[in-house]
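Novice: Quick one: this structure, given as structure tokens, is what I'll be asking you about.
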Amino acid sequence: MIPELDYRTPETLEEACNLLWESGARAKVIAGGTDLVIRLRNKELKPSWLVDITRVPELQGIEEKDGLMVIGAGVTHAELASSAVLKRHGKILSDAASEIGSPQIRNLGTIGGNIVNASPAADTVPALMALDAVGEVVSREGERRVRLGDLFKGPYETALKPHEILTRISFQKLPPDTGCGFVRLARREATAIARMSVALTVRIGRGKNRIEDIRISVGAMTPTPHRISEAEAMLKGKSPDRGLFKEASQKVSESILRRTGLRASSSYKVPVVEALFIRSLEKALGEVA
Amino acid sequence: MESIAQRVIRFVLNGKGLQVEVPSHWTLLRLLREKLGLTGTKEGCGIGECGACTVLLDGMPVHACLLMAAKVEGREVQTVEGLGSRSSLHPLQRSLIEHGAVQCGFCIPGILMSSKALLDRNPHPGRNEVKEAISGHLCRCTGYHQIVEAIEAAGRESKFEARNPKSETNTNVQISNVSNK
Numbered sequence: 122m123i124p125e126l127d128y129r130t131p132e133t134l135e136e137a138c139n140l141l142w143e144s145g146a147r148a149k150v151i152a153g154g155t156d157l158v159i160r161l162r163n164k165e166l167k168p169s170w171l172v173d174i175t176r177v178p179e180l181q182g183i184e185e186k187d188g189l190m191v192i193g194a195g196v197t198h199a200e201l202a203s204s205a206v207l208k209r210h211g212k213i214l215s216d217a218a219s220e221i222g223s224p225q226i227r228n229l230g231t232i233g234g235n236i237v238n239a240s241p242a243a244d245t246v247p248a249l250m251a252l253d254a255v256g257e258v259v260s261r262e263g264e265r266r267v268r269l270g271d272l273f274k275g276p277y278e279t280a281l282k283p284h285e286i287l288t289r290i291s292f293q294k295l296p297p298d299t300g301c302g303f304v305r306l307a308r309r310e311a312t313a314i315a316r317m318s319v320a321l322t323v324r325i326g327r328g329k330n331r332i333e334d335i336r337i338s339v340g341a342m343t344p345t346p347h348r349i350s351e352a353e354a355m356l357k358g359k360s361p362d363r364g365l366f367k368e369a370s371q372k373v374s375e376s377i378l379r380r381t382g383l384r385a386s387s388s389y390k391v392p393v394v395e396a397l398f399i400r401s402l403e404k405a406l407g408e409v410a
Numbered sequence: 291m292e293s294i295a296q297r298v299i300r301f302v303l304n305g306k307g308l309q310v311e312v313p314s315h316w317t318l319l320r321l322l323r324e325k326l327g328l329t330g331t332k333e334g335c336g337i338g339e340c341g342a343c344t345v346l347l348d349g350m351p352v353h354a355c356l357l358m359a360a361k362v363e364g365r366e367v368q369t370v371e372g373l374g375s376r377s378s379l380h381p382l383q384r385s386l387i388e389h390g391a392v393q394c395g396f397c398i399p400g401i402l403m404s405s406k407a408l409l410d411r412n413p414h415p416g417r418n419e420v421k422e423a424i425s426g427h428l429c430r431c432t433g434y435h436q437i438v439e440a441i442e443a444a445g446r447e448s449k450f451e452a453r454n455p456k457s458e459t460n461t462n463v464q465i466s467n468v469s470n471k
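Just so you know, the protein sequences line up as chains Y and E, in that order.
Heads up, the first sequence is in my numbering, so the first residue is 122 and it goes up one at a time.
Heads up, the second sequence is in my numbering, so the first residue is 291 and it goes up one at a time.
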């Protein structure tokens, strides 16, 4: 059972920041709670306070602003999955969010919670890495912007201080002629944590048969998220070609192995991630065909 | 702590306004079952993987085992107890019974709530839409086939049938459903 604690629901960002500042490391921010409540239940975390930020207005909304998509950290996965504007300008994130958990989980779980929980298997994270997303972090000490990749220090560990709140995530709108491919592998179709995932965006030059830009990130396979720059460099400027894709897929598996070292699961994961990469690439190219 | 932190919450439960004091660390599931005596909502896993605890929050299916009770302040909660009764079955309840979709019954309250939410937003779902709607539910008894058929069939019936439980179910008649609110 969840240990006793006090529960606060601030109505403003200022109130939330003050509560966190005053309680120091004894408080934990709660959004939907779909990850946090489980960790409370098994006594992995024992905060004296929960600060519920779901009623803070600055953490809501999916907006377009000066060529950027700006998403409140409190936006749920269900909202991401159904947002028409996000599907138009950041479909990779919408696709990733739509495969999280179950309808019930998606109705409560938030993008901010997914990031801050910092599970290596978080589904929105590879999509956000492909989007070069930036987070806004707010506290009593002020505001700062952090590149998403810099937020993760290790599994379940972020660079956020206890009194800080991730408020917004923003990224450049995807240009037209960009296809998105998110592929996820898990034990079941729903309600199972991803074992392996690939998120990529690819832009084909209009009228050209050439990859103008490609961004690749993988999920659930490395302790912290990263972009597979070797595979990106190999494919950029080239024409789509099966042989080239196969070579690039090997760059993907090599990149992962460099970070994890050889493990018992590697003999399974290496050929599978190469196949998932090709699948997501074909999915993305299919969107711009 | 010397005394357990409590919180007074006001919310609408199955259409009725309610005010209740609850320990701050309780989930909605615990509140429903242990304080309000509404044991229709079940705890199957306690970690949001089986769907047996599913209730509707502002019309959206959620896992009550993961929802801190304090979060329902000012909101609407619907549980299986509010869906229908023996004397007046909801069309979904009747359809599940008629299609042989209920064995031990443990998964059923949760599935009913997810299905109700589905029919409220999409009165005539296709097979894949039904499967997607119940993708967050586990059933150990039936193999899901009869459950999916029952929900699809309920989607083909009119709301009028619900108020007249003795009438024959006529699945050939397509009457557009008024969204159930």
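All C-beta atoms in this analysis are idealised placements derived from N, C-alpha and C, irrespective of residue type, glycine included.
Are the beta-carbon atoms of Thr245 of chain Y and Ala218 of chain Y separated by less than 9 Å?
Specialist: The answer is yes: Cβ separation under 9 Å.
Novice: Suppose the cutoff is 8 Å on Cβ atoms and the five residues either side in sequence are ignored; what does the same chain contact list for Leu373 of chain E look like?
Specialist: The answer, listed in chain order, is His380, Leu382, Gln383, Leu402, Met403, Lys406.
Novice: Give a yes or no on whether 9 Å exceeds the smallest Cβ distance from Arg305 of chain Y to chain E.
Specialist: Not one chain E Cβ lies under 9 Å of Arg305 of chain Y.
Novice: Does Ile377 of chain Y pass the burial test, meaning 16 or more other C-beta atoms within 10 Å, or should it be called exposed?
Specialist: Its Cβ being crowded by 16 or more others within 10 Å, Ile377 of chain Y is buried.
Novice: Identify the continuous alpha helix (DSSP H) that holds Glu419 of chain E and give its terminal residues.
Specialist: Looking at the DSSP string, the run of the alpha helix (DSSP H) that includes Glu419 of chain E is 417-423.
Novice: Cβ atoms of Ala405 of chain Y and Gly300 of chain Y: under 9 Å apart, would you say?
Specialist: Yes, Cβ-Cβ distance for Gly300 of chain Y and Ala405 of chain Y is below 9 Å.
Novice: Are the C-beta atoms of Cys355 of chain E and some chain B residue less than 9 Å apart?
Specialist: Absence of chain B from the displayed structure is noted, the protein chains being Y and E.
Novice: Using a Cβ-Cβ cutoff of less than 8 Å, which residues in the same chain neighbour Leu140 of chain Y once the five nearest sequence positions on both sides are dropped?
Specialist: Excluding positions up to five away in sequence, the list reads Arg129, Pro131, Ala148, Trp170, Val172.
Novice: Identify the contact partners of Thr484 of chain E in chain Y, using a Cβ-Cβ distance below 8 Å as the criterion.
Specialist: Beyond the ends of chain E as shown, which are 291 and 471, falls residue 484 of chain E; an answer cannot be given.
Novice: At what residues does the beta strand (DSSP E) containing Ser338 of chain Y begin and finish?
Specialist: That run of the beta strand (DSSP E) goes 332-340.
Novice: Identify the contact partners of Arg297 of chain E in chain Y, using a Cβ-Cβ distance below 7 Å as the criterion.
Specialist: Simply Tyr128.
Novice: CA-CA distance, Val438 of chain E and Val420 of chain E?
Specialist: When rounded, the distance between both Cα atoms is 6 Å.
Novice: What residues from the segment 300-323 of chain E come within 9 Å of chain Y, judged by C-beta to C-beta, listed N to C?
Specialist: Listed in sequence order: Pro313, Ser314, His315, Trp316, Thr317, Arg320.
Novice: To the nearest angstrom, report how far apart Ile399 of chain Y and Ser215 of chain Y are at their CA atoms.
Specialist: For Ile399 of chain Y and Ser215 of chain Y, the distance between alpha carbons rounds to 20 Å.
Novice: Express the C-alpha separation of Gly182 of chain Y and Ile236 of chain Y in angstroms, rounding to a whole number.
Specialist: So the two alpha carbons sit approximately 17 Å from each other.
Novice: Against chain Y, which members of the segment 413-427 of chain E pass a CB distance test of less than 7 Å?
Specialist: Under the 7 Å Cβ criterion, the segment 413-427 of chain E contributes Ala423, Ser425, Gly426.
Novice: Just mark Lys186 of chain Y as buried or exposed, buried being the case when its beta carbon has 16 or more other beta carbons within 10 Å.
Specialist: Classification for Lys186 of chain Y: exposed.
Novice: Nearer than 8 Å: is that true of the beta carbon of Ile174 of chain Y relative to any heavy atom of the ligand GTP?
Specialist: Summarising the ligand content, the structure contains no ligands, and the ligand GTP is consequently not present.
Novice: Please report how far the alpha carbon of Ala313 of chain Y lies from the alpha carbon of Ser338 of chain Y, in whole angstroms.
Specialist: One C-alpha to the other measures close to 20 Å.
Novice: Using a Cβ cut-off of 8 Å, which residues of the segment 201-221 of chain Y contact any Cβ in chain E, in chain order?
Specialist: Correct list: empty, as no residue qualifies.
Novice: Exposed or buried, Val298 of chain E, counting other C-beta atoms within 10 Å across all chains shown (16 or more means buried)?
Specialist: Val298 of chain E should be labelled exposed.
Novice: With a threshold of 6 Å on Cβ separation, who are the neighbours of Gly390 of chain E within its own chain once the five nearest residues in sequence on each side are excluded?
Specialist: The residues are Gln436.
Novice: Would you mind telling me which residues of chain Y sit closer than 8 Å to Val352 of chain E, beta carbon to beta carbon, in chain order?
Specialist: Within 8 Å Cβ-Cβ: Gln225, Asn228, Leu229.
Novice: Could you check whether Gly364 of chain E and Phe301 of chain E sit closer than 9 Å to each other, using their CB atoms as the reference points?
Specialist: Yes, Cβ-Cβ distance for Phe301 of chain E and Gly364 of chain E is below 9 Å.
Novice: Less than 9 Å between the beta carbons of Gly211 of chain Y and Thr155 of chain Y, yes or no?
Specialist: Going by C-beta atoms, Gly211 of chain Y is not nearer than 9 Å to Thr155 of chain Y.
Novice: How long is the line joining the alpha carbons of Lys294 of chain Y and Ala202 of chain Y, rounded to whole angstroms?
Specialist: Going by the C-alpha atoms only, they are around 16 Å apart.
Novice: Taking DSSP's pairing of strands, which residues face Ile290 of chain Y in a bridge?
Specialist: Note: Ile290 of chain Y sits in a beta bridge opposite Y:Ile192, Y:Gly256.
Novice: Rounding to the nearest angstrom, what Cα-Cα distance links Thr175 of chain Y and Thr381 of chain Y in this structure?
Specialist: Using only the alpha carbons, I get a separation of about 36 Å.
Novice: Does any residue of chain E bring its CB to less than 9 Å from the CB of Gly263 of chain Y?
Specialist: Judged by the 9 Å Cβ criterion, Gly263 of chain Y is not in contact with chain E.
Novice: Please specify which runs of the alpha helix (DSSP H), each continuous and at least 4 residues long, are wholly inside the segment 342-425 of chain E, giving them in chain order.
Specialist: List check, alpha helix (DSSP H) in window: 381-388, 398-411, 417-423.
Novice: Buried or exposed: where does Asp127 of chain Y fall if 16 or more other Cβ atoms within 10 Å of its Cβ makes it buried?
Specialist: With 16 or more Cβ atoms within 10 Å of its Cβ, Asp127 of chain Y is classed as buried.
Novice: Let me make sure I understand the geometry here. Which of E:Gly336, E:Leu322, E:Thr331 has the alpha-carbon closest to that of Val158 of chain Y?
Specialist: Considering only alpha carbons, the answer is E:Gly336.
Novice: Mind checking if Val394 of chain Y is an interface residue toward chain E, Cβ cutoff 9 Å exclusive?
Specialist: Closer than 9 Å: no.
Novice: Thinking Ala315 of chain Y and Gly340 of chain Y are a contact (beta carbons under 8 Å), I'd like their distance in whole angstroms, please.
Specialist: Contact flag correct, Cβ pair sits at about 6 Å.
Novice: Within 10 Å of its beta-carbon, does Cys394 of chain E have 16 or more other beta-carbons around it, so buried, or fewer, so exposed?
Specialist: By the 10 Å Cβ count, Cys394 of chain E comes out exposed.
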